[in-house]
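Here is the structure we will look at.
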Amino acid sequence: MAELFGPRKEENTVSRVRIDDMEPGVFKTLLHFIYTGSLPDDDEMYEGSDKVAMAQGLLVAADRY
Numbered sequence: 213m214a215e216l217f218g219p220r221k222e223e224n225t226v227s228r229v230r231i232d233d234m235e236p237g238v239f240k241t242l243l244h245f246i247y248t249g250s251l252p253d254d255d256e257m258y259e260g261s262d263k264v265a266m267a268q269g270l271l272v273a274a275d276r277y
């Protein structure tokens, strides 16, 4: 029966996904919203960027994903 699912995978395999078209802070905020249904606190959300840039990035990310 196990042969139907293909060869066994290694247990310790790590897969990474590269997202080049988005700032890391925007993606982190998007993931937070997806999992919690709310935006993070201002201090966490805007580290290194201003509010307008973050809002623009989130709108682009929401439209794309």
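In the numbering used here, the protein residues as written are 213 to 277.
Note that beta-carbon positions come from the ideal geometry of N, C-alpha and C, so glycine has one too.
- Contact annotation: Met266 and Thr241 have beta-carbon atoms nearer than 8 Å.
- For Arg276, the enclosing alpha helix (DSSP H) begins and ends at 263-276.
- Looking from the CA of Asp275, the closest CA among Asp233, Val226, Ser227, Thr225 belongs to Asp233.
- In the structure shown, Leu251 falls within a coil segment according to DSSP collapsed to helix, strand and coil.
- Counting every other CB atom within 10 Å of its CB across the protein chains shown gives Leu270 a total of 16 or more, marking it as buried.
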